[in-house]
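Protein chains in written order, with my numbering: chain A, 11 to 270; chain B, 1142 to 1533. Note that CB positions come from ideal geometry on N, CA and C, so glycine has one too. Every value quoted in this text rests on a predicted model; they were computed, and no experiment measured them.
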């Protein structure tokens, strides 16, 4: 049996020059959950995400991803680990010189010895799983709308069937209908592909609808990590402001939590 | 129920046939599929089940040996099942874990129609136009480019005229920045290369002069060729590679990131902010750099003359102040602003031609450098013809 913890962060410290972003931050991500990261601007959500998906090394502390301590591991050991995680960047980060289908095929071509035709089919399958119409496969990233770019980016993140999917602001810049459809996609992918999802978002709707637990970053550490329904009652002033302001209350009510 | 426990010791995916049963084995995951796909390529499924005496009967697929399945594996498995069905064997699959079955169903449900059955015919390739057709297309493309660059020169001229009417609008800070980057920054490389060029000219020319005992004329040889031709041209070529390419890349990247559109919508004409300071900067910097090249080149010639031909620095310098040398110097310096305009305009123009993607920036930068060096040499040839025509 695989262990129940996929990511373990202990005593994390991050410094940008003289600025300290995280200090003694602890976080645990459990297998099969959707964990939301939220907090005010500049609270280090995206930085934390980058440290968990191996793009950045923290200054001190311990980060263990899928049982591998990424701080002490050699670069050789990180490459196989990178294949087991998928990342969707905030603005998609699709390769502009390639079509959507070729974008999805890049990880498959690089990391597998599958024949070209099968890679082609798998790329189309991933695009279909991400809810993109087949016609979009031959388009270039600049020809896509915001929602389509995000779906294409998810398809690329899923190319190697990762165990963990990181999403940075998945619904930012989407219209309400697309954002809602994207929320549904996240849940559906997580269930059908047995994923663990970590997402950074400011979107309260996404937090209420999608996440199993929410980690709230404040004062350089995780101030609270709990199912979202418990957060509005949390005593921390920043969490109070975040969830019981007018926007927070409206989404809470819409989601059927009319307390507070 | 971990459906995809990826363990390093996972065995490669495999399938074997035995007495009407296909046994699936190993990890059917992206990393372990390679060998399997070769084995069950569509035409080989037949071979796999052909020696089975009960061929044609409902075929039993036993999935008990399957250790892991991901979407890629599910897709290949689904392809296998479809292949069997196409041969009239109705495949029954047993021993599949619930999670694996759910994944197989997902792939079956969500497979894009284009992958089912016949693949759509590839879009017809445009027929080969033949040599004449290609020549025609290339001609049209070049005419197109010529048209566009002419239009661009016109736009720059209009913007320039607006500036001359209201000199206060000149962006001094941007201009000074350009002067520093394109001018001061280029001094070391321009001086070094010109110095070496002076040495080469003095050495090659000196060999000939020596055999006639005309050593002292090395001063005229080096100064005339350096001041009139090589100084301005070398400088223009170095600047085209150094600064022209930077102009293209800068404007091109701004185009890709929509910064050009942002400028326009804020009400700052991109030509004003991006092109004119570059143009002015280079028109001022290139003659000054040419001066540096002249001095360094003549110095290189002097060193070589002293070493090889026994023409001392003093003797060399004494022969420089004469009308012919002055005239060459002035002609050389006068050509520099024209070269500067060519480099700046081609560099900026190609930057604006960038469309969409990152590799377009690279291609246009290459075109920019090649085109500006080409045009600089063409312009130099045109100057030579013009000057010989009017007799200077």
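The beta carbon of residue 1249 (chain B) sits closer than 7 Å to those of 1219, all from its chain and outside the five residues before and after it, given in chain order. Where residue 1457 (chain B) is concerned, the enclosing alpha helix (DSSP H) starts and stops at 1454-1459. Think of a sphere of 9 Å around the beta carbon of residue 1216 (chain B): the chain A residues whose beta carbon falls inside it are 128, 131, 132 and 135, in chain order.
Using a Cβ-Cβ cut-off of 8 Å, residue 1253 (chain B) counts as an interface residue toward chain A, since at least one Cβ of chain A sits closer than that to its own. Against residue 1497 (chain B), the close residues of chain A are 106, 150 and 152, in the order they occur along the chain (beta-carbon pairs closer than 8 Å). Under the 8 Å criterion on CB atoms, residue 122 (chain A) is classed as interfacial with respect to chain B. For residue 202 (chain A), the chain B residues whose C-beta falls within less than 8 Å of its own C-beta are 1243, 1244 and 1247, listed in chain order. DSSP, read as helix, strand or coil, puts residue 1463 (chain B) in coil. In chain order, 64 place their CB closer than 7 Å to the CB of residue 92 (chain A), counting only its own chain and leaving out the 5 sequence neighbours on each side.
Under the three-state reduction of DSSP, residue 104 (chain A) is assigned to coil, being neither helix nor strand. Here residue 1491 (chain B) is near residue 1509 (chain B), since their CB atoms are less than 8 Å apart.
A direct Cα-to-Cα measurement between residue 1167 (chain B) and residue 1155 (chain B) gives close to 6 Å. No Cβ of chain A is located within less than 8 Å of the beta carbon of residue 1284 (chain B). In terms of CA proximity to residue 159 (chain A), A:110 leads the group A:138, A:124 and A:110. When DSSP reads this structure, residue 1216 (chain B) sits in no beta bridge, so it has no partner.
With the criterion set as a beta carbon lying under 7 Å from some beta carbon of chain A, the segment 1474-1492 of chain B has no members that meet it.
By the C-beta density criterion, residue 1511 (chain B) is exposed, having fewer than 16 other C-beta atoms within 10 angstroms. When Cβ-Cβ separations below 8 Å define contact, residue 1175 (chain B) makes contact with chain A. Distance between residue 170 (chain A) and residue 117 (chain A), taken at the CA atoms: about 7 Å. Listed along chain B is no residue with a C-beta nearer than 9 Å to that of residue 91 (chain A); the closest approach is about 11 Å. For residue 64 (chain A), no CB of chain B lies under 8 Å from its own CB, so it is not counted at the interface with that chain. Close to residue 170 (chain A), with beta-carbon spacing below 7 Å, are these residues of chain B in chain order: 1171.
Three or more beta-carbon pairs separated by less than 8 Å link the segment 184-203 of chain A to the segment 131-148 of chain A, which places the two stretches in contact. Residues of chain A whose Cβ lies closer than 8 Å to the Cβ of residue 1212 (chain B) are, in chain order, 132, 135, 136, 139, 168, 171 and 203. In the structure shown, residue 97 (chain A) adopts extended strand secondary structure according to DSSP, grouped into three states. A contact between stretches requires three or more CB pairs, one per stretch, nearer than 8 Å, and the segment 225-243 of chain A meets this requirement with the segment 30-46 of chain A. At a cut-off of 8 Å between C-beta atoms, residue 1500 (chain B) counts as an interface residue with respect to chain A.
Spatial neighbours of residue 1370 (chain B) in its own chain (CB-CB distance under 6 Å, excluding positions within 5 residues in sequence) are not present. For residue 1443 (chain B) against residue 1344 (chain B), the beta-carbon gap comes to about 13 Å, at or over 8 Å, which does not count as contact.
Going by C-alpha positions, residue 1381 (chain B) is about 6 Å away from residue 1484 (chain B). The C-beta separation of residue 1363 (chain B) from residue 1342 (chain B) comes to about 5 Å, placing the pair in contact by the 8 Å criterion. DSSP assignment within the segment 116-150 of chain A yields no whole beta strand (DSSP E) run of 3 residues or more. Per the Cβ contact rule, the segment 1401-1414 of chain B is not in contact with the segment 1472-1479 of chain B (fewer than 3 Cβ pairs under 8 Å). By the rule that beta-carbons nearer than 8 Å mark a contact, residue 1178 (chain B) touches chain A. Taking CB atoms only, residue 1339 (chain B) has no neighbour in chain A less than 8 Å away.
For residue 1240 (chain B), the residues of chain A that pass the 9 Å Cβ criterion are 204, in the order they occur in the chain.
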